[in-house]
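Written out below as structure tokens is the structure these notes cover.
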Amino acid sequence: MKFKDYLAEKIPEAPKSLLPSRARIIDKIAILRISSELEPWFKEISRLALQYYPRVRAVYRWIGVEGIERRPIIEHLAGERVRVVEHKEYGWKLRLDIERLMLCLGNSYERLRIARIVSNNEIVVDMFAGVGQFTIPIAVIGKPRKIYSVEINPEAYSYLVENILLNRVQHIVDPILGDCKKIVGEEIKEIADRVVMGYFGGTIEALPQALEALKPIGGIIHFHELVRRGREEDFIYTIKKKVEEQGYWIDVKSWRIVKSYSKTRNHIVIDIYARRTN
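Next up, the structure:
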């Protein structure tokens, strides 16, 4: 029986159309998106989630994210207060504090896609490294020559360092604590075959620095952002103009929708090849 049907059977008085269709499972934690209209049934829904998912020890309600560091806003509803989780995907793992740091499960395929196209002679710059959600799979699967992973949040940086050791890729990854808009383009300049910009909400502001990181012969940028649904092509045109204004030739290799983010916006990634023209 599907989770939503299970809830509807156990709580017939709750509006079925508002009940969550499933939980996101990270390690032994279930994360639910529950409408505030269901507040009278929060405790019952979370109790039933513990029954439905037998390996789950804690249930949290996802509310959103806040700030430039995109800290999660979540509420513990039931079970143990398990905070530190270890998420595993495709042979690699990430450890993080679920109440303080974010890991988007909807980006799973994108992490694998990027890791698979990286070659072992490349130098990669991960501008918004977080706890290593792109860095670690690239290091484990792609095995490039070097990854420079920059993270501004000291808590996320601490887990990034821990995850580098956990996955035994310290010979590949060089973690750097600081603002990528100050470090990339200055300390890290003209060395990258590939730049990962796995962040949204102002990514375009760091695009000049990403371009400066590329080798003079050119390289690839994986650019993430939230875009109004149906306006993706318009946004890509905006990015092309921005790159050209910086004095670079650009070829948009591909773009794809990573996931639906809201009723009006999609999370997209654009794969850009750029080379300086002068």
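The opening position of the sequence shown corresponds to residue 534 in our numbering, with each subsequent residue numbered one higher. We treat Cβ as the ideally placed atom computed from N, Cα and C, and that holds for glycine.
So the alpha helix (DSSP H) residue i belongs to, where does it begin and stop?
i: D538; result: 536-543
i: F575; result: 575-585
i: A743; result: 740-746
i: S682; result: Not the alpha helix (DSSP H): S682 falls in the beta strand (DSSP E), residues 679-684.
i: I716; result: 713-716
When DSSP labels each residue in this structure, what does residue i get in the three-state scheme?
i: A662; result: coil
i: R628; result: strand
i: Y822; result: In the structure as shown, the chain begins at 534 and stops at 811. Residue 822 is therefore absent and cannot be evaluated.
i: S691; result: helix
i: Y781; result: strand
i: L610; result: strand
i: A672; result: helix
i: L759; result: strand
i: I737; result: helix
i: R649; result: helix
i: E572; result: helix
i: R727; result: strand
i: L698; result: helix
i: S641; result: helix
i: L552; result: coil
i: K786; result: strand
i: R566; result: coil
Can you tell me the Cα-Cα spacing of residue i and residue j, whole angstroms?
i: W788; j: E643; result: 11 Å
i: Q703; j: R628; result: 16 Å
i: P687; j: V717; result: 18 Å
i: I790; j: L759; result: 10 Å
i: R809; j: G780; result: 6 Å
i: R590; j: S550; result: 26 Å
Would you mind working out which of the options sits nearest residue i, comparing C-alpha positions?
i: A582; options: I607, S554, G597, R604; result: S554
i: R616; options: D560, E599, E777, I650; result: D560
i: I558; options: T668, E572, L747, R594; result: R594
i: L645; options: T668, V760, E613, L740; result: T668
i: F661; options: S793, N653, I674, Y681; result: Y681
i: I805; options: R798, P605, W782; result: W782
Is any heavy atom in the ligand GTP found nearer than 7 Å to the beta carbon of residue i?
i: R594; result: Only the bare structure without any ligand can be found here, which leaves the ligand GTP out of the picture.
Span of the beta strand (DSSP E) holding residue i?
i: D804; result: 798-809
i: V776; result: Run containing V776: none in the beta strand (DSSP E); it sits in the alpha helix (DSSP H), 765-778.
Identify every residue that forms a DSSP beta bridge with residue i.
i: D707; result: Y681
i: V618; result: L629
i: V598; result: P605
i: G752; result: A807
i: V657; result: I680, R727
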